[in-house]
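Notes for the one structure printed next.
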Amino acid sequence: MAGNKISLADWQAQLKPQGSSGDVKMAVKNDANLVYSTDSGKISAKPPTKAVAEAFADGAVRIRRETKGRGGKAVLTISGIAKPHDELVLLAAKLKKKCACGGAVKDGVIEIQGDKRELVEQLLQAEGFRTKWAGG
Numbered sequence: 000m001a002g003n004k005i006s007l008a009d010w011q012a013q014l015k016p017q018g019s020s021g022d023v024k025m026a027v028k029n030d031a032n033l034v035y036s037t038d039s040g041k042i043s044a045k046p047p048t049k050a051v052a053e054a055f056a057d058g059a060v061r062i063r064r065e066t067k068g069r070g071g072k073a074v075l076t077i078s079g080i081a082k083p084h085d086e087l088v089l090l091a092a093k094l095k096k097k098c099a100c101g102g103a104v105k106d107g108v109i110e111i112q113g114d115k116r117e118l119v120e121q122l123l124q125a126e127g128f129r130t131k132w133a134g135g
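Start counting the sequence shown at 0; every next residue gets the next number (numbering that gives the first Met the number 0).
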C-alpha cells in the first residue's frame, strides 16, 4: 500500500499539461465547472444575461389571454415592451399591485395571473403604451 502513495509535487506535475510552463493554480482557475477552490475560495460565476424584450413593428403592446399548459387557469401575457429586464420587473410589480394578483417576468414577457384584460389595458395606457388585444 505504501508504494501507491504519491507526493503533492508529483501529483501537481501530473496535472500540468505537457509543455506548459504555467502554474497548476492558473489551470484550475480557468475551469468553467469549478465551484470552489482551496486557492481562492468560492468561485463566483458570471450572472446570466437578462433577456430584453423586442417591440413589435407597429409599436403596440400585445395583451394576450392564455390558458394552454396552465391547468385551465387564465394568464395574461404582455409582450412588445422594449425595455431592460429591471424596468419590466418594476412595471410587472406595478400591474400586480393594481390588479391584486400574482405574476412574473419571463424572457421579456410580463405574465399576470387571472383575466383582467380591461384593467391591465387601462393601466398600460396610463403608462403611455399603445395596446392591442391578441389571441382570443
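Just so you know, even glycine gets a beta-carbon here, dropped at the ideal spot from N, CA and C. For clarity, every value in this text was computed on a predicted model and none was experimentally measured.
The alpha-carbon separation between residue 10 and residue 3 amounts to approximately 12 Å.
Judged by DSSP secondary structure, residue 125 falls within the alpha helix (DSSP H) whose first and last residues are 116 to 125. Its chain contains 62, 64, 75 and 132 as the residues whose beta carbon lies nearer than 7 Å to that of residue 116, once the 5 sequence neighbours on both sides are disregarded; these appear in chain order. Residue burial is scored here from C-beta neighbours: residue 90 has at least 16 other C-beta atoms within 10 angstroms and is therefore classed as buried. The beta carbon of residue 78 sits closer than 6 Å to those of 61 and 108, all from its chain and outside the five residues before and after it, given in chain order. Judged by DSSP secondary structure, residue 86 falls within the alpha helix (DSSP H) whose first and last residues are 84 to 98.
The DSSP-derived three-state label of residue 103 is strand. A straight-line Cα-Cα distance of about 18 Å links residue 66 and residue 106.
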